[in-house]
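In order, the protein sequence lines correspond to chains A and B. Just so we're aligned: the first sequence equals residues 37 to 350 in the working numbering. Just so we're aligned: the second sequence equals residues 37 to 350 in the working numbering. Below is one structure, written out as C-alpha cells, with a few remarks after it.
Protein chains: 2
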Amino acid sequence: MLLGLEDIQLAQARISGRVHVTPVMSSTTVGDELGVRLHLKAELFQKTGSFKPRGVFNKLLSMDPVGLSRGLVSLSAGNHAAALAYGAAAVGAAATIVMPASAMPSKVAATRRYGGEVVQTEGSLLDTCLALQRERNLTLVHPFDDLAVMAGQGTVGLELLGQVPDAGMVVVPVGGGGLIAGIAAAVKLQYPAVRLVGVEPQGADAMSQSLERGAPAHLEQVETIADGLAPPFAGEHTFRHVQRFVDEIVRVTDAEIIDAVRVLIQRCKLGAEPAGAAGLAALLAGKLSPSPGSTVVCVISGGNVGLDVLKHLL
Amino acid sequence: MLLGLEDIQLAQARISGRVHVTPVMSSTTVGDELGVRLHLKAELFQKTGSFKPRGVFNKLLSMDPVGLSRGLVSLSAGNHAAALAYGAAAVGAAATIVMPASAMPSKVAATRRYGGEVVQTEGSLLDTCLALQRERNLTLVHPFDDLAVMAGQGTVGLELLGQVPDAGMVVVPVGGGGLIAGIAAAVKLQYPAVRLVGVEPQGADAMSQSLERGAPAHLEQVETIADGLAPPFAGEHTFRHVQRFVDEIVRVTDAEIIDAVRVLIQRCKLGAEPAGAAGLAALLAGKLSPSPGSTVVCVISGGNVGLDVLKHLL
C-alpha cells in the first residue's frame, strides 16, 4: 500500500501548530560553485532539532486513545527518540525508547530531558524493543516503517514545494527511508518531473542494496559517522515507496559527509549533524548532475551533534 | 545630529532587494532556561554572513556617482570589509579595505573573493586608511561612524519590530556602535518602552567607557576573542545615539562569549561568530534582567568564523 497525496495533506493539517514550518535558506556562494540555485530546507530548526516530530505527531494524533494510554515504545539512534519523547509528553503519554549503547550522549540526554525513558543495549534494538512491547503491553511507534510516520515526514515535501515552486531536483538523506518515502510521494504525486534523489552513507547503504536485490535488505553491520542514517535495514513500506517514487539513490563516504558539515557551518552558518549534511555531501562530491542553472532543494534533516563530536569533525 | 525614523525607513526602501530580510528564530529550550520568550534575529544569514551590507548598501546607494566612481576605501576587522567589497562589486565600484595583520584569514579571503583589494597593516588602521584615501583620492565609507551606514543598520530594528511585535527587550552586540545606534533609533522612535541593551566585550569596552566619561573614548589596546567587536574607539555619531536611545550597556567576558557560541550551535543549530554571540552571552550570564515571561529579541549579528577558530572554541 502506497501513500496518497491526501494522506500527507491530512498529516499536514493534523500536525499544524505542533511543529514548525521550517525556513528554506538560499546559499548563493555554494550554489554558484555547484552551478545551480541552491536552497536548503532547514529541518535542523524543527522542534527537537530534526524532522522526526512530524512523523511522530501524525502517528500519535491519529492513534486510538487506548493505544496511546498504554504507553509508547520505539527504537532509535537518537532523533526519533527525542521526537517521540517530546511528542508523547505533548499529548500526555509515556514513552520508552531503546537506544544503542553507543548512541551519542547528547541524544540520550535530550531524550531524557523531554521526559522519555531510555533503555540502552549492546544487542539488537529491534529485539529489545519488541520484548519490551510484549512485556509491558506498549504501543510500538516505528521510527520509519509506518505509513502514518511516513505521511508526517512527507509534510516536508509539501512545504518545500510551496517555498521553492521551481524546484527541479530534491535531495534527501536516507536512513531507514521514512523521510524520503514521504517527501518523494508528496513531490512526485504532484510534479512527476521533479528529480528525487536519495543519499546514504557508503557504510550503511541498506536502501541501495534493497533496490539492487528488489527486496528490503538487512545489513550484517553498519559503519558510518552519520549515526542518524545507520539503521541496518530498509523498511518494507519505505522500500516500496522508494522503488515507486525515487529516481536514484547515491552513496557518500564519511569524508564527503564531513566536508559537507564543514561547508554548512563555514558558508551557510548552519550547525548540521552528519546525517543532515549527507544530501549536500553528494552535491559537493559531484555525485549528482543537476542541470546547470536549475533549482536544487537539499533537505538538511537534523542538527543534533555533540560539541565534542563536532569539534572532532572541524 | 540624530537619525530620524524616516532616515531608516528610507534606507529600508533603498536597500530592499539587495539584502535579505533575515529570519527570526525562536528557541524554546534556551528561552525556558532564561524564563523568557527568546527570539534570535538571525543576521548571520545576511548576505556576506553579517548585518554589515545593510549599512554599506544604504551608503553606496545614497552617494553621489562621482564619489562612487573614484573608488572606495575603508578599515575593518573583517565583516565590514567583506560587505564593502560585496556592495562595491554590486554597484560597479572598486573597494580597498585596510585590515589588521592579525585579521582572521577567513575574513581576508572572503573580502578578496568578493573582489576587494586588501591592505593589511600592523599599525593604525585609521591612519593607513586616511593615507590611502589622500594618496589615491578615494571615498571613505566608515565602518560605523556615518549616519547613512547607521541608518542602514537600523533596518534590522524595523524588521524585528515587524517580526516580533511584542518585544519587551532588544539585545545588541556593540563594537563601534553602528548596529546598536541604528537599531536603537528605529525601536525607540516608535516604542520608547522597549528596553534597549548593548553588550560589549570586557576587553574592548569603548562604548561603556565613553558613557562613563560623557565623550567618545579611545582605548590604548583591546583584548577580546570577538574580533568583530574590537574597534578601539566609539564613533562620535554612534556615541550620541547610544547616549540618547540606549538604556544600558553591559560587559561580557571571553569565557561568557564562548559559552554562548557553544549554546548557539548545540541548542539553536546556529554557527555564530564570537561577536554575534555576545548578546546571548549577557543573557546566559545573568547580566540582564528581563521581566519573567517577557519577550526578548537577541540580535545574532554575524557568523564569520574560521573553522580552525571555531574548533578551538568548542
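Cβ atoms here follow ideal geometry from the backbone N, Cα and C, with glycine treated the same way.
Membership of residue 287 (chain B) in the beta strand (DSSP E) is indicated by the continuous run 284–288.
Taking the CA atoms as reference points, residue 342 (chain B) sits about 42 Å from residue 184 (chain A).
Counting only runs of 4 or more residues that sit fully inside the region 48–122 of chain A, the alpha helix (DSSP H) segments are 64–70, 88–97, 101–105, in chain order.
At a cut-off of 8 Å between C-beta atoms, residue 305 (chain A) counts as an interface residue with respect to chain B.
Excluding the 5 residues flanking it on each side, residue 156 (chain A) has same chain C-beta neighbours closer than 8 Å at 134, 135, 136, 137, 139, 144, in chain order.
Distance from the CA of residue 164 (chain A) to the CA of residue 175 (chain A), rounded to the nearest whole angstrom, comes to 14 Å. For residue 324 (chain B), the three-state secondary structure derived from DSSP is coil. Taking 8 Å as the CB threshold, residue 140 (chain B) stays off the interface with chain A. Nearest in C-alpha terms to residue 61 (chain B), of all of A:85, A:65, A:69, is A:85. Shown here for residue 47 (chain B): same chain residues with a beta carbon closer than 6 Å to its own, the five before and five after excluded, namely 94, 187, 188, 191 in chain order.
Listed as beta-bridge partners of residue 254 (chain A) by DSSP are A:269. For residue 61 (chain B), the closest Cβ of chain A is nearer than 8 Å. Chain order gives no chain B residues near residue 198 (chain A), where near means a beta carbon separation below 7 Å; the closest approach is about 16 Å. Bridge pairing for residue 200 (chain A): absent [DSSP].
It is roughly 26 Å from the alpha-carbon of residue 276 (chain B) to the alpha-carbon of residue 310 (chain B).
The region 288–297 of chain A makes no contact with the region 327–345 of chain B: fewer than 3 CB pairs, one atom from each, lie closer than 8 Å.
Setting aside the 5 residues that flank it on each side, residue 102 (chain B) has no residue in the same chain whose C-beta is closer than 8 Å to its C-beta. By the rule that beta-carbons nearer than 8 Å mark a contact, residue 269 (chain B) does not touch chain A. Residue 301 (chain B) has a beta carbon lying within less than 8 Å of a beta carbon in chain A. Contact check between the region 41–60 of chain B and the region 225–236 of chain A: fewer than three CB pairs, one atom from each, fall below 8 Å, which does not count as touching. In summary, no residue of the region 86–100 of chain A has a CB separated from any CB of chain B by less than 9 Å. Residues of the region 313–346 of chain B whose Cβ lies closer than 7 Å to any Cβ of chain A, in chain order: 339, 343, 346. Residue-level contact check: residue 80 (chain B) touches chain A, since one or more beta carbons of chain A fall below 8 Å from its beta carbon.
Judged by DSSP secondary structure, residue 147 (chain B) falls outside any beta strand (DSSP E) and instead within the alpha helix (DSSP H) spanning 141–149. The secondary-structure analysis by DSSP pairs residue 175 (chain A) across a beta bridge with A:108. Within chain B, no C-beta atom comes nearer than 9 Å to that of residue 74 (chain A); the closest sits roughly 14 Å away.
Residue contact check for residue 280 (chain A) against chain B: no CB pair falls below 8 Å. Proximity of residue 38 (chain B) to chain A, defined by a Cβ-Cβ separation below 8 Å, is not satisfied. In summary, residue 64 (chain A) is exposed, with fewer than 16 beta-carbon neighbours lying within 10 Å of its beta-carbon over all protein chains present. Taking C-beta atoms under 8 Å as the contact rule, residue 266 (chain A) and residue 240 (chain A) qualify, at a distance of about 5 Å. The beta carbon of residue 345 (chain A) is closer than 7 Å to those of 140 in its chain, skipping five residues each way along the sequence. A check of alpha carbon separations from residue 274 (chain A) across A:323, A:220, A:261, A:305 identifies A:220 as the nearest. For the pair residue 80 (chain B) and residue 308 (chain B), the Cα-to-Cα distance works out to about 7 Å.
Taking each of B:318, B:107, B:232, B:67 in turn and checking the Cα distance to residue 128 (chain B), the smallest one comes out for B:107.
Among the residues facing chain B, residue 225 (chain A) is not included, as its CB has no counterpart in that chain under 8 Å away.
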